[in-house]
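This report concerns only the one structure given below.
Numbering (the numbering used here), first residue to last: 16 to 347.
Structure representation (structure tokens):
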């Protein structure tokens, strides 16, 4: 176990990935610093009080009591609802997240799902499984209209990958006046949602789940979609009214759906969605990437440099990346 570490990696892993690999990647990025992996609760209690930076899924409040050197908690998740933000703020500890590191993989899977429906590849897989050499018809993705709900890191990566496909794009964002990378940008008002959906061949959900977006795609919105439309949910299951979606898929209200997330999740093995041939299901795998630790370590390394710049410039250093909370400077 390293002594006097600058950076401590907590023991709880994520997505089946080794925290030892994360610690080793941080050591490669930060060769001038001591990075320690706390493998046990005892190690966490011994190492965290020595650290300037702690990184992990969350941090137990009891560990903060003696963490007098701690300046930054780097969460390994994009969401921080599970993190003791109030306790960290009280101690003046900045918090960052892992937002954006999954975006390339999710965007690639989103494009793949749209192309599956465009070319009816799932029908080809069914005929291969049944040993049927029979022709089937396909569509073209070219000249389609794709609506991307949410223009954050995931939505932007989707739009970037749509370039060259000769499709029209509509973006939905909280403040449409900011514009965006899509051909057209609308807001989350009901009128805008229905206006976009009514023209869409594909709708990609890439927005957070909150009070505004919960149940965003319900019976009314599905009724507005053209019968040839495909819904791709790459965000959170709660954005969609599952019962309404099942009904739309069963009665040809829409052509299909590709769901990386569901409500409920995990999806019970007797749920109707499993039996619908026009519904593609992946068990929350869209964000998996072998570059997980590389991208996260890049963020943490950049932020360690920013903290050091702050110290050298008396609080006027570089801004943190992926910042969720940062204490206000007390300098005059």
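C-beta atoms are modelled at their ideal positions from N, C-alpha and C, and glycine is treated no differently.
As the structure is a computational prediction, the values presented were derived from the model and not from experiment.
Contact set for residue 338: own chain, Cβ-Cβ below 6 angstroms, skip 5 residues either direction: Here the question's residue 338 lines up with position 323 in the chain shown. Answer for residue 338: 111, listed in chain order.
Straight-line gap, residue 35 to residue 245 (C-alpha atoms, nearest Å): Stepping through the chain shown from its first residue, residue 35 is reached at position 20. Stepping through the chain shown from its first residue, residue 245 is reached at position 230. Residue 35 and residue 245: Cα-Cα distance of roughly 41 angstroms.
Distance, residue 295 Cα to residue 218 Cα: The residue you call residue 218 lines up with position 203 of the chain shown. The residue you call residue 295 lines up with position 280 of the chain shown. Between residue 218 and residue 295, the C-alpha separation is close to 15 angstroms.
Bounding residues of the alpha helix (DSSP H) (the contiguous stretch that carries residue 88): One-based indexing of the chain shown puts residue 88 at position 73. Bounds of any alpha helix (DSSP H) do not take in residue 88; it lies within the beta strand (DSSP E) bounded by 87-90.
Pairwise C-alpha distance: residue 64 and residue 226: By 1-based counting over the chain shown, the position of residue 226 is 211. By 1-based counting over the chain shown, the position of residue 64 is 49. About 38 angstroms.
CA nearest to the CA of residue 291, picked from 230, 49, 137: Locating residue 291 in the chain shown gives position 276, where the first residue counts as 1. Nearest of 230, 49, 137 to residue 291, Cα basis: 137.
Through-space distance from residue 71 to residue 16, alpha-carbon basis: If you number the chain shown from 1, residue 16 lands on position 1. If you number the chain shown from 1, residue 71 lands on position 56. Bear in mind that a pLDDT of 49 at residue 16, under 50, signals an unreliable position, so the number given afterwards is only what the model happens to contain. Going from the Cα of residue 16 to the Cα of residue 71 covers about 17 angstroms.
Classification of residue 20 by the beta-carbon crowding that lies within 10 angstroms, buried from 16 upward: Locating residue 20 in the chain shown gives position 5, where the first residue counts as 1. Its Cβ being crowded by 16 or more others within 10 Å, residue 20 is buried.
Assigned exposure category for residue 265 - 16 Cβ within 10 Å defines buried: Residue numbering aside, residue 265 sits at position 250 when the chain shown is read from its first letter. Classification for residue 265: exposed.
Cβ-based burial, residue 149 [other Cβ within 10 Å; buried from 16]: Locating residue 149 in the chain shown gives position 134, where the first residue counts as 1. Exposed.
CA-to-CA distance, residue 89 to residue 345, given in whole angstroms: Locating residue 345 in the chain shown gives position 330, where the first residue counts as 1. Locating residue 89 in the chain shown gives position 74, where the first residue counts as 1. Because residue 345 carries a pLDDT of 43, less than 50, the predicted location of this residue cannot be relied on, and the following value inherits that uncertainty. Approximately 22 angstroms, taken between the alpha carbons.
Own chain residues within Cβ distance below 6 angstroms of residue 182, not counting five before or after: Your numbering for residue 182 matches position 167 in the chain shown. These residues qualify, in order along the chain: 159, 161.
Residue range of the unbroken beta strand (DSSP E) whose run includes residue 162: Walking along the chain shown from the start, residue 162 turns up at place 147. If you look at residue 162, you'll find it in the beta strand (DSSP E) that goes 160-164.
Whole-angstrom C-beta distance between residue 58 and residue 76, which should lie under 8 angstroms: Along the chain shown, one-based indexing puts residue 76 at 61. Along the chain shown, one-based indexing puts residue 58 at 43. With a Cβ gap of about 18 angstroms, residue 76 and residue 58 do not count as contacting.
Contact check, residue 311 vs residue 163, beta carbons under 7 angstroms: Position 296 of the chain shown, counted from the start, is the residue given in the question as residue 311. Position 148 of the chain shown, counted from the start, is the residue given in the question as residue 163. Contact: no.
Local conformation of residue 347 per DSSP, three classes: Translated into the one-based positions of the chain shown, residue 347 becomes position 332. The pLDDT assigned to residue 347 is 37, lower than 50, so where the model puts this residue is not dependable, and the model offers no usable value.
Residue 269 - containing beta strand (DSSP E), residue span: Along the chain shown, read from residue 1 onward, the residue named residue 269 stands at position 254. Careful: residue 269 lies outside any beta strand (DSSP E) and carries neither H nor E.
Beta-bridge pairing of residue 183 - partner residues as DSSP gives them: Within the chain shown, numbered from 1, the residue matching residue 183 stands at position 168. Per DSSP, 160.
Cα-Cα separation, residue 307 to residue 293: Taking the chain shown and counting its residues from 1, the one referred to as residue 307 is at position 292. Taking the chain shown and counting its residues from 1, the one referred to as residue 293 is at position 278. Going from the Cα of residue 307 to the Cα of residue 293 covers about 31 angstroms.
Three-state secondary structure assigned by DSSP to residue 128: As a position in the chain shown, residue 128 is number 113, starting the count at 1. Reduced to three states, the DSSP call for residue 128 is helix.
Range covered by the alpha helix (DSSP H) that runs through residue 217: In the chain shown, the residue the question calls residue 217 occupies position 202. Residue 217 -> not in any alpha helix (DSSP H); beta strand (DSSP E) instead, spanning 217-220.
Residue 251 versus residue 278 - alpha carbon distance: Numbered from its first residue, the chain shown carries residue 251 at position 236. Numbered from its first residue, the chain shown carries residue 278 at position 263. Distance between the alpha carbons of residue 251 and residue 278: 8 angstroms.
Cβ neighbours of residue 91 in the same chain (closer than 7 angstroms, five flanking residues each side left out): Translated into the one-based positions of the chain shown, residue 91 becomes position 76. Sequence-distant Cβ neighbours of residue 91 in its own chain, meaning closer than 7 angstroms and more than five residues away, are 29, 70, 71, 72, 113, 311.
Distance between beta carbons of residue 87 and residue 109, contact taken as under 8 angstroms: For this step, residue 109 is matched to residue 94 along the chain shown. For this step, residue 87 is matched to residue 72 along the chain shown. Contact flag correct, Cβ pair sits at about 5 angstroms.
Residue burial classification, residue 248 (beta-carbon count within 10 angstroms, cutoff 16): By one-based count along the chain shown, residue 248 stands at place 233. Burial call: buried.
Between the CA atoms of residue 220 and residue 38 - distance to the nearest angstrom: Within the chain shown, residue 38 is the residue found at index 23, counting from 1. Within the chain shown, residue 220 is the residue found at index 205, counting from 1. Their Cα atoms are separated by approximately 33 angstroms.
Terminal residues of the alpha helix (DSSP H) in which residue 139 lies: If you number the chain shown from 1, residue 139 lands on position 124. It spans 136-144 - the alpha helix (DSSP H) in which residue 139 sits, taken as one unbroken run.
From 302, 106, 32, 167, residue whose alpha carbon lies closest to that of residue 343: Here residue 343 corresponds to residue number 328 of the chain shown, with the count starting at 1. Among 302, 106, 32, 167, the Cα nearest to that of residue 343 belongs to 106.
Touching by the beta-carbon criterion (3+ pairs, under 8 angstroms), the region 122-132 and the region 195-212: No contact exists between the region 122-132 and the region 195-212.
From 74, 47, 125, residue whose alpha carbon lies closest to that of residue 170: Within the chain shown, the letter at position 155 stands for residue 170. Distance from the Cα of residue 170 is smallest, within the candidate group 74, 47, 125, for 125.
When 68, 52, 32, 55 are compared against residue 317, the one with the closest alpha-carbon: Working through the chain shown from its first residue, we reach residue 317 at position 302. Its Cα nearest to that of residue 317, the residue 68 stands out among 68, 52, 32, 55.
Which of helix, strand or coil DSSP assigns to residue 73: Taking the first residue of the chain shown as 1, we reach residue 73 at position 58. Coil at residue 73, not helix or strand.
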